[in-house]
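Numbering (this note's numbering), first residue to last: 428 to 681. We put the CB at the ideal spot given by N, CA and C, even for glycine. Values in this document were obtained by computation on a predicted structure and should not be read as measured data. Everything below concerns the one structure shown next.
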Ligand SMILES: C[S@@+](CC[C@H](N)C(=O)[O-])C[C@H]1O[C@@H](n2cnc3c(N)ncnc32)[C@H](O)[C@@H]1O
């Protein structure tokens, strides 16, 4: 059966749940600490979470004082968990393709998205949509799989290994071939969209955003102590994290 969101495939949903439940998963050790360090003050603010999944970041925003939080996701299964586990008087969940979030007809002080943008095909179009969703002077904070890791096609080797099979180097290929990447992750046929860092940054700049932080995930000493196998993450960044402010005068359009 074809699902509109791979997260609604029951096998994928269960496999993903197990990954997120695992102690020391990459989200908890690499991505979330970097995202939280870049959050603006949310007291009294409005927040939109694109690809909110289980709604944990919506609940976190509400706990930080946000007065209104909207979480959207394409997956009904993920939203079921969000509504059950992370409900709140200031939190509303809605099933929607984030590429169509402009249809909300509302702008927010913070537009947040954790690890969902690599599922969206057209980044320049998404950047135009984001410009309408972030209030002038507001903030966009997002993470996605880093272009270095979305680049290789699934039939290419990703690692150069030593005689013991330990990773010696990450093999970057096809970086300058943007487009669809289909691979096996939990199930066959998982699709993400590769684009270069240049396309991401330029699309944001051309739509009135000023980038004030660009982070590339790396394990710190605490993460390496918790999971020594993370030393392979010293060869390449797994996640790209960008915080950008929407300029008051609209800016952009080079
Ligand atoms: C890796 S999960 C991350 C979930 C959540 N942001 C978190 O950090 O826990 C990616 C989420 O993006 C959602 N997603 C993927 N493509 C989407 C789209 N086009 N529109 C809305 N949500 C989407 C998936 O359903 C899934 O819940």
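Inset, instruction - Would you kindly report the start and end of the unbroken beta strand (DSSP E) that includes residue 541? - result: 535-541
Inset, instruction - May I ask which residues mark the beginning and end of the alpha helix (DSSP H) holding residue 594? - result: Here residue 594 belongs to no alpha helix (DSSP H); instead the beta strand (DSSP E) covers 594-597.
Legend entry - Closer than 7 Å: residue 479 CB and nearest ligand 1 heavy atom: yes
Inset, instruction - Classify residue 459 as helix, strand or coil using the three-state DSSP reduction. - result: helix
Legend entry - Delimiting residues of the beta strand (DSSP E) encompassing residue 641: 636-643
Legend entry - Burial state of residue 453, where buried means 16 or more other Cβ atoms lie within 10 Å: buried
Legend entry - Reduced DSSP category for residue 656 - H, G, I as helix; E, B as strand; rest coil: helix
Inset, instruction - Please indicate yes or no: does the CB of residue 438 lie closer than 7 Å to some heavy atom of ligand 1? - result: no
Inset, instruction - Counting only the same chain and skipping the five closest in sequence on each side, list residues whose C-beta sits under 7 Å from that of residue 577. - result: 545, 608, 619 and 621
Legend entry - CB contact flag (residue 538, residue 506, <8 Å): no
Inset, instruction - Using three-state DSSP, classify residue 681 as helix, strand or coil. - result: Bear in mind that the predicted position of residue 681 carries a pLDDT of just 44, short of 50, making it unreliable; the figure below should be weighed with that in mind. Coil.
Legend entry - Outcome for residue 655 when other beta-carbon atoms lying within 10 angstroms are tallied against a minimum of 16: exposed
Inset, instruction - Indicate the three-state DSSP secondary structure (helix, strand or coil) for residue 507 in the structure shown. - result: helix
Legend entry - Whole-angstrom distance between residue 473 and residue 570, CA atom to CA atom: 19 Å
Inset, instruction - Label residue 625 either buried or exposed according to how many other C-beta atoms from any shown protein chain fall within 10 Å of its C-beta, with 16 as the threshold for buried. - result: exposed
Inset, instruction - Using 7 Å as the cut-off, classify the Cβ of residue 543 as near or not near the heavy atoms of ligand 3, replying yes or no. - result: This structure lacks ligand 3; its bound ligands are ligand 1.
Legend entry - Start-to-end residues for the beta strand (DSSP E) that takes in residue 563: 561-572
Legend entry - Between the CA atoms of residue 593 and residue 548 - distance to the nearest angstrom: 34 Å
Legend entry - Distance cut-off 7 Å: residue 648 Cβ against heavy atoms of ligand 1: no
Legend entry - Endpoints, alpha helix (DSSP H) assigned at residue 394: One cannot answer for residue 394 here, as it falls past the ends of the chain, which runs 428 to 681.
Legend entry - DSSP-derived helix/strand/coil call for residue 662: coil
Legend entry - Contacts around residue 675, its chain only, beta-carbon distance under 8 Å, and the 5 residues preceding and following it disregarded: 563 and 564
Legend entry - residue 483 Cβ short of 7 Å to ligand 1 heavy atom set: yes
Inset, instruction - Could you give the DSSP three-state label for residue 518: helix, strand or coil? - result: strand
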